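Student:
Number of protein chains: 2
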Amino acid sequence: MLRDDSGAEVRDAYFVSDSTGITAETLGNALLANFPGARFRRHTVPFVDSVDGARAVIGDLRVSPAGAAPIVFTTVKSAQILAEFHASGAVVIDLLGGHLRELEASLGSAASEQLGQYHGVGDMERYFARMRAVEYAIEHDDGQSMRALDIADVIIIAPSRCGKTPTTMYLALQYGLLVANYPLTDDDFPSDGLPATVERFASKCFGLTTTPLRLSQVRHERRPDTVYSSLAQCTLEIRRAEDLYRRNRVPFLNSSTKSVEEMSAVIMQSMRLRS
Amino acid sequence: MLRDDSGAEVRDAYFVSDSTGITAETLGNALLANFPGARFRRHTVPFVDSVDGARAVIGDLRVSPAGAAPIVFTTVKSAQILAEFHASGAVVIDLLGGHLRELEASLGSAASEQLGQYHGVGDMERYFARMRAVEYAIEHDDGQSMRALDIADVIIIAPSRCGKTPTTMYLALQYGLLVANYPLTDDDFPSDGLPATVERFASKCFGLTTTPLRLSQVRHERRPDTVYSSLAQCTLEIRRAEDLYRRNRVPFLNSSTKSVEEMSAVIMQSMRLRS
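From first to last, the protein sequence lines stand for chains D and H. Counting in the working numbering, the first sequence runs from -15 upward without gaps. Counting in the working numbering, the second sequence runs from -15 upward without gaps.
1. Residues in the stretch 73 to 90 of chain H with C-beta within 8 Å of chain D's C-beta atoms, listed in sequence order?
2. Taking Cβ positions only, does Y102 of chain D come closer than 7 Å to chain H?
3. Flag this pair as yes or no: are the beta carbons of G12 of chain H and F24 of chain H separated by less than 7 Å?
4. Where do the N-terminal and C-terminal ends of the beta strand (DSSP E) with F236 of chain H fall, by residue?
5. Does DSSP put L215 of chain H in a helix, a strand or coil?
6. Would S62 of chain H count as contacting chain B if we go by Cβ distances under 7 Å?
7. Could you have a look at F69 of chain D and say whether DSSP puts it in helix, strand or coil?
8. Give the list of continuous alpha helix (DSSP H) stretches no shorter than 4 residues that lie fully inside the stretch -11 to 36 of chain H.
9. Which one of H:D227, H:R230, H:T195, H:E226 has the shortest CA to CA distance from S213 of chain H?
10. Grab the span of the alpha helix (DSSP H) containing A249 of chain H for me, first residue to last.
11. Taking only the alpha-carbon atoms, compute the straight-line gap between R230 of chain D and E86 of chain D and give it to the nearest angstrom.
12. Just checking: is the beta-carbon of V41 of chain H within a distance shorter than 7 Å of some beta-carbon in chain D?
13. Find the nearest neighbour of F260 of chain D within the set D:F69, D:T181, D:S48, judged by alpha-carbon distance.
14. Output the distance between the C-alpha atoms of M252 of chain H and R145 of chain D, rounded to the nearest integer angstrom.
15. Measure the C-alpha to C-alpha separation of T28 of chain D and A(-3) of chain D and round it to an integer number of angstroms.
16. Runs of 3 residues minimum, wholly inside the stretch 148 to 203 of chain D: which ones carry the beta strand (DSSP E) assignment?
17. Do you know offhand how far I141 of chain H's Cα is from C189 of chain D's?
18. Does DSSP classify T241 of chain D as helix, strand or coil?
19. CB L157 of chain H to CB V118 of chain H, shorter than 7 Å?
20. Would T10 of chain H count as contacting chain D if we go by Cβ distances under 7 Å?
21. Excluding sequence positions up to five away, which residues of its chain have a Cβ less than 7 Å from the Cβ of L162 of chain D?
22. Chain D beta carbons: is any one of them nearer than 7 Å to that of S254 of chain H?
23. Can you round the beta-carbon distance between V234 of chain H and G191 of chain H to whole angstroms, since I take them to be within the 8 Å contact cut?
24. Would you mind working out which of D:Q64, D:I77, D:S3, D:G92 sits nearest E(-7) of chain H, comparing C-alpha positions?
25. Give the straight-line distance between the Cα atoms of Y159 of chain H and D33 of chain D, rounded to the nearest whole angstrom.
26. Taking Cβ positions only, does V118 of chain D come closer than 7 Å to chain H?
27. Residues in the stretch 136 to 164 of chain D with C-beta within 7 Å of chain H's C-beta atoms, listed in sequence order?
28. Between the C-alpha atoms of S239 of chain D and R207 of chain H, what's the straight-line distance to the nearest angstrom?
29. Bridge partners for F112 of chain D per DSSP, in chain order?
30. What is the rounded straight-line gap between the Cα of R46 of chain D and the Cα of L228 of chain D?
31. Put A117 of chain D into one of helix, strand or coil per three-state DSSP.
32. For R258 of chain D, name the three-state secondary structure that DSSP assigns.
33. Given that T28 of chain D touches chain H, what residues does it touch there, using C-beta distances under 7 Å?
34. Within the continuous alpha helix (DSSP H) that includes A132 of chain D, where are the two ends?
35. Need the endpoints of the alpha helix (DSSP H) that A142 of chain D sits in, please.
36. What does I77 of chain H pair with, by DSSP beta-bridge criteria?
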């Protein structure tokens, strides 16, 4: 039996999909997060779309399994493939099957037998939108370009290292939103107004802040033992930024205890960017 | 009753979460994709973490509902909040509840009562890894920098507009991988070898290709009616790129019918970048 450093038992968790594995992984991890005392060795296996593919995975999960029966989280729809996993001795969590039956009952129609239909016109449009959004985000990262700020869906402003860049990229890639971000530096103070570049677009601005300690830690990662990463400088910059947000009625959030996904969700809700 | 342009009945689908809504949205959409004949009006409602919050959503879903009873896909764990939705007349698809019971039985322990515990040390590390990866991807987009290519996890090479940038960003943001991408241009031919810049890192290279027609369409979006977007030029560039991949044993895939997520999954599997 495999144990981790603390002596806790480790179990294998497989995320098995007939497509990318992203849904199985996302939901499987959301479920496992409810068992903070347990330890898992995670495996994602995408593109399992045949009985042979399933048997290869089952062969793998039988070789030196960690702990008790492996847990298989799966979004596979094929009854034949599911039967292979059920017969393997693994604990099978069928993430879609039961819910599909519920939906069939509610909608009064049968679920399609085909695998993920991705490639319609809507998907081509979505692809273009994401591509444009990612390129827009790269062009407008860290105040690099002022071109076409008028078409931005949101302009994220914050001192350096408060999380502008990853949040910008997540909003672009996941939702196809046009997001620019602009750093607040010492040059922007002591003016009471927003930086001249973004002032015209005040209603699109969203601010990020964090705690001085967290900012100092994050900056220390990049440039250890500098004024830039000192607690004094971080405290000053955050106080100034928050004052600026308040004076100019820019909505803002504290990124220190939030994931990129959480920040993105808050920003979309606050700026009414949810469809 | 709301109908779409084709006269099909439209129903409301709500993705309701006590956190970001990403899991509810991902799985809910994966389920709805199995009913290609049905039409849905989608709403994502994050941060529903109180009975009052639930009642606000229920008030909303009762105002001019599209079609029959709305469908609520939810990842909310609170029994009280779930009871509100069950009493509302909506069809409730509880995405986590049943699976949590299955897991409890298999693990022999009860699910934690707390909401999403995100903010441990592991999450801070994951945050740093993603931030570094996104910055690396921006720095190395489209061959802009040759610095630190030796630490890249993968270098994506392809002619312009084959999908390098969004795929790079997805791998960085979702998986914290260090991904550079490098464009194949006319300058790189007629050499038989890989471009000098990436030649030393041949084992890290992964190629993208597409169909000439699709490439021409995508390029036309950017620069209509140019040599660059002509079918002849696209055909030539793709043939050369595929020859280059084959000669240099660079694995490659055709992006024309794949989503960014699918391409990322194939690349990770091919380059053995899955944990």
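We put the beta carbon where it would ideally sit given N, CA and C, even for glycine. Computed from a predicted model, the values in this text were never measured in an experiment.
Tutor: To lay it out plainly:
1. Residues passing the 8 Å Cβ filter: V75, I77, L79, L80, G82, H83, L84, E86, L87, S90.
2. Any answer about Y102 of chain D is weak, because its pLDDT of 47 lies below 50 and its placement is not dependable; what the coordinates show is given next. In terms of beta-carbon proximity, Y102 of chain D lines the interface with chain H, with at least one pair separated by less than 7 Å.
3. Not closer than 7 Å, so no.
4. For F236 of chain H, the uninterrupted beta strand (DSSP E) segment begins and ends at 236 to 238.
5. DSSP, reduced to helix, strand and coil, places L215 of chain H within a helical segment of the structure shown.
6. In the structure shown, chain B cannot be found, because the protein chains are D and H.
7. In the structure shown, F69 of chain D sits in a helix (DSSP, three-state: H, G or I).
8. Listed in chain order, they are 6 to 16.
9. Ranking the options by Cα distance to S213 of chain H, first place goes to H:T195.
10. Run containing A249 of chain H: 244 to 254, per the alpha helix (DSSP H) assignment.
11. Approximately 48 Å, taken between the alpha carbons.
12. Taking Cβ atoms only, chain D never reaches closer than 7 Å to V41 of chain H, which makes this a no.
13. With chain D covering only -15 through 259, there is no way to say anything about residue 260 of chain D.
14. If you take the alpha carbons of M252 of chain H and R145 of chain D, they lie about 29 Å apart.
15. So the two alpha carbons sit approximately 9 Å from each other.
16. The qualifying runs are 163 to 168, 189 to 193.
17. Roughly 36 Å between the two C-alpha positions.
18. It is coil, neither helix nor strand.
19. Contact check for L157 of chain H against V118 of chain H passes: the beta carbons are separated by less than 7 Å.
20. Contact with chain D is found for T10 of chain H, since one of that chain's Cβ atoms lies less than 7 Å from the residue's Cβ.
21. Annotation for L162 of chain D: A117, Y120, I135, A136, D137 place their beta carbon closer than 7 Å to its own, counting only its chain and skipping 5 residues before and after.
22. Not closer than 7 Å to any Cβ of chain D, the Cβ of S254 of chain H fails to qualify, so no.
23. Right, the Cβ-Cβ distance comes to about 5 Å (below 8 Å), so this counts as a contact.
24. Out of D:Q64, D:I77, D:S3, D:G92, D:G92 has the C-alpha closest to the C-alpha of E(-7) of chain H.
25. The straight-line gap separating the alpha-carbon atoms of Y159 of chain H and D33 of chain D is approximately 23 Å.
26. Interface with chain H (7 Å Cβ-Cβ cutoff): V118 of chain D is included.
27. Close to chain H, meaning a Cβ-Cβ distance shorter than 7 Å, are the following residues of the stretch 136 to 164 of chain D: T149, P150, M153, Y154, L157.
28. Distance between the alpha carbons of S239 of chain D and R207 of chain H: 39 Å.
29. None; F112 of chain D has no bridge partner.
30. Their Cα atoms are separated by approximately 59 Å.
31. If DSSP states are grouped into helix, strand and coil, A117 of chain D belongs with the helices.
32. DSSP, reduced to helix, strand and coil, places R258 of chain D outside both helices and strands of the structure shown, so it counts as coil.
33. Those are R258, listed as they occur along chain H.
34. Careful: A132 of chain D lies outside any alpha helix (DSSP H) and carries neither H nor E.
35. From DSSP, A142 of chain D is part of no alpha helix (DSSP H) but of the beta strand (DSSP E) over 138 to 143.
36. Bridge partners of I77 of chain H: H:F57.
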